[in-house]
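What follows is one structure encoded as structure tokens, with my remarks underneath.
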Amino acid sequence: MDFFQAQENARRTSRWLVLWFMLCVLGVILAIHVVMVPILRLVVETNVQSIDGGQISLFNPKLFFSIAAVTSILIVGGSLYKLSALSKGGAVVARDLGARELDQETGDFHERRLLNVVEEMAISSGTPMPGVWVMDGEQSINAFAAGTDPANAVIGVTKGTMQRLNREELQGVVAHEFSHILNGDMRLNMRLTGWIFGLLMLVILGRGVLGILRYSGGTRRTWGGGRGGGRGGGAGILIIILIGAALWAVGSIGAFFSRWLQAAVSRQREFLADASAVQFTRNPEGIANALRKIGGANNHSAIHAAAASEARHLFFARSDTMGFAMATHPPLDKRIKAVFPHWDGTMLKAPPPERPQPDQEKNHAGKGFPGMPPPLPIPDFGEPGFNEMFNPAFLGAYAEGLRQENPDRIRSIDAAKALIHGLLLPADEDLQPRGVETITRHENAGIAESARHWHEKLHTDSSAAKLIRVDQSLPWLRKMDHNAANAFITTNRALIELDGQVNLFEFMIEQVIDRNVAIATGLRKPPPMRHRNLASVEREVAVLVGIFTRIGGGEEPDAEARSEYRQHTRRDLPRLPPDACTLVAAAEALPELDASTPLVKSRVLRLCRLVATADGVLEDHETELLRAVSDAIGAPAPRVRHDNPAA
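In this text, residue positions in the sequence shown follow the working numbering: the first is 1, and each later residue adds one.
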């Protein structure tokens, strides 16, 4: 599966989506103009001091543009409000749907299994582990992915999904949702959610007007001839009722358009995500059987949460009963046939939740994905050469190491902060007391002491081993509030600056934290896409290639990368002098690369990997720089062989 090309396609689709949204807004404006003209005439007729009723007509340009302006403000304002709220990440959507975030230290078997499966998929895909949420009130089988960036993404599942699917089926569903994160659907879907809210603003306003009248008792008094009676009072109430009904009716047209938009964008992407799930797990029966259980369940995949209508395009399967062109998902039988051609047409009954022994999931750890005979390649991350072999035994051991029960397991935000600070404590023993003092000043003495412990434990480990611990800490660090995150990042920078220089490992940690913590906690937003081709970031690419060439080995390690750059751009990549290829220059180049399209990012990572592995060996410092680049630009870390000693 070419995930980067899929993201490029998603970006192109979003351009058309803007046009479709504008056409929908225009349709709503025309409809409300037609409906409001007779209502305004009624207002004129009941108010003798008003303007001449003849001016109220369908062909009055001034009236049309006035109505268009007010309607546009309502729709666009509602969309901008919702998009602003959604910019905080997928947790906003999860809360709106009534979900709760899983405790990383949960002892519940089903919750522990779900966390382990998501963790394994994050490792496999080279992306940060997203937050994991459960919709406790939903017994159907369904799931969703939401967020504006992999750093603030969440994966949510219903309680039925968590309890009624076996491990293989759960892997298939989770892999499907990871595909939405990787191929650009998630960000597009969040944008679509904001626009849909805008189109629903008139319906919300109309219901509000009618609701106020209903609960105020105004209509009962007026039509009963009591205190609000009289011709003028009755006509006024009638006008208000008509306005509310008109807003509700025209808003229903907006709701129709919103459902059409959801369906138009969503259907074909589900086939792509299903195919991606098979590539991730190498087990088509997992996702096929999950879909078969949806078909065999009484409640299928229905979602009853109040906010489900706005988010129906986010779900793994149809969350309502809409059909024909309004369906957001292809029919179940077509989806099953696409991933499991030999399906016999039967559905499965989802069994009641099982109550396994507490150690059952622990015993599963480290065994890899069921049904995966080694060795198998990992998913193709887009460009030729990214489909390196990824040993399933290594994946299982990696995941098991992350969740082993031991005294040093990360169990809190403070423990996660102490780990990162400990990795950044200076190796120079004379400077270490100053580092501990710095942590104590910015954080507290307990975190400083814990950081010293981590430094002593990990300072001789390889970069790969340290990265396991860093990844383990990220879910906790993303839980910090603004102030805590700011203090944490400030402490890290102070530790890095203690010895007056920045090494590759420190540079990597800074980039990893900046992407996964700063964005997730709202300290900064992902940049808009400005660079749409490789040549537009030529200087930045030359800086990175130059750095990898300096630290790499072999003769002309950049030869293949330069040749491939020429194929993409029909230009020669400039050769920069050594003093222009420094970590300072890289720190300036990475934000520009982060503002590139996913396809450009994939090609940048591909060029870096070609230089790093030109001599057939991936050293620790090359691993660190590759990870720093991938995190800084918000792209999946490229996987390389793990069967050489340096890896």
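Cβ coordinates follow ideal geometry from the N, Cα and C atoms, glycine included.
Check	Outcome
Between A612 and E622, is the Cβ-Cβ spacing less than 8 Å?	yes
Could you tell me the distance, in whole angstroms, from the CA atom of G172 to the CA atom of G500?	48 Å
Please name the residue or residues paired with R100 in a DSSP beta bridge.	V134
When the Cα atoms are used, what is the spatial distance from N166 to S412?	29 Å
For I155, write down the residues that DSSP places opposite it in a beta bridge.	V132, A145
Between which two residues does the alpha helix (DSSP H) holding L63 run?	61–86
Should K349 be labelled buried (16 or more other beta-carbon atoms within 10 Å of its own) or exposed?	exposed
Taking DSSP as the reference, what is the three-state secondary structure of H329?	coil
Which term fits V543, buried or exposed, when burial requires 16 or more other beta carbons within 10 angstroms of its beta carbon?	buried
Taking the alpha carbon of V134 as the reference point, which residue from P150, M121, V174, S602 has its own alpha carbon closest?	V174
Is S309 helix, strand or coil when you go by DSSP?	coil
Can you tell me whether S596 is helix, strand or coil according to DSSP?	strand
Could you give the distance in angstroms between the alpha-carbon of L431 and the alpha-carbon of E138?	55 Å
For D514 and V584, I'd like the C-alpha separation in whole angstroms.	16 Å
Going by beta-carbon coordinates alone, are G435 and L458 separated by less than 8 Å?	no
Are the segment 589–598 and the segment 552–561 in contact at 8 Å, needing three or more beta carbon pairs?	no
Can you tell me the Cα-Cα spacing of V35 and T328, whole angstroms?	30 Å
Give me the Cβ distance between D96 and A307, rounded to the nearest whole Å; I'm assuming they're in contact under 8 Å.	4 Å
So which of R164, L26, P577, L424 has the shortest CA-CA distance to P352?	R164
Is the separation between the beta-carbon of V203 and that of A255 shorter than 8 Å?	yes
Helix, strand or coil for H110 per DSSP?	helix
Assess contact between the segment 140–156 and the segment 297–311, defined as three or more Cβ pairs (one per stretch) separated by less than 8 Å. Is contact present?	yes
Can the beta-carbon of A290 be found closer than 8 Å to that of E169?	yes
CA-CA distance, W20 and L30?	15 Å
I'd like to know if the segment 125–132 and the segment 473–485 are in contact, where contact means that at least 3 CB-CB pairs between them fall below 8 Å.	yes
Starting from E619, trace the alpha helix (DSSP H) in both directions and tell me its first and last residue.	Here E619 belongs to no alpha helix (DSSP H), and DSSP marks it neither H nor E.
My guess is that L272 and S125 are in contact by the Cβ rule of under 8 Å, so how many angstroms apart are they, rounded?	Actually they do not touch by this definition, with Cβ atoms about 15 Å apart.
Excluding sequence positions up to five away, which residues of its chain have a Cβ less than 6 Å from the Cβ of A520?	A151, N152, R478
What do you get for M508, buried or exposed, if any count of 16 or more other CB atoms within 10 angstroms of its CB means buried?	buried
Mapping the DSSP letters down to three states, classify F178 as helix, strand or coil.	helix
So T193 and L114 are in contact, right, with Cβ under 8 Å, and what is the actual spacing, rounded?	Not really, about 24 Å apart at Cβ, beyond 8 Å.
Based on Cα-Cα distance, which residue from A317, K293, E270 lies nearest to T346?	K293
In three-state DSSP terms, what is M389?	Model confidence at M389 stands at a pLDDT of 30, short of 50, so the residue's coordinates are unreliable and nothing is read from them.
Starting from Q472 and walking both ways along the alpha helix (DSSP H), at which residues does that stretch end?	463–477
Is DSSP giving H453 helix, strand or coil here?	helix
Look at the alpha carbon of V278 and the alpha carbon of D149, and state the distance between them as a whole number of angstroms.	23 Å
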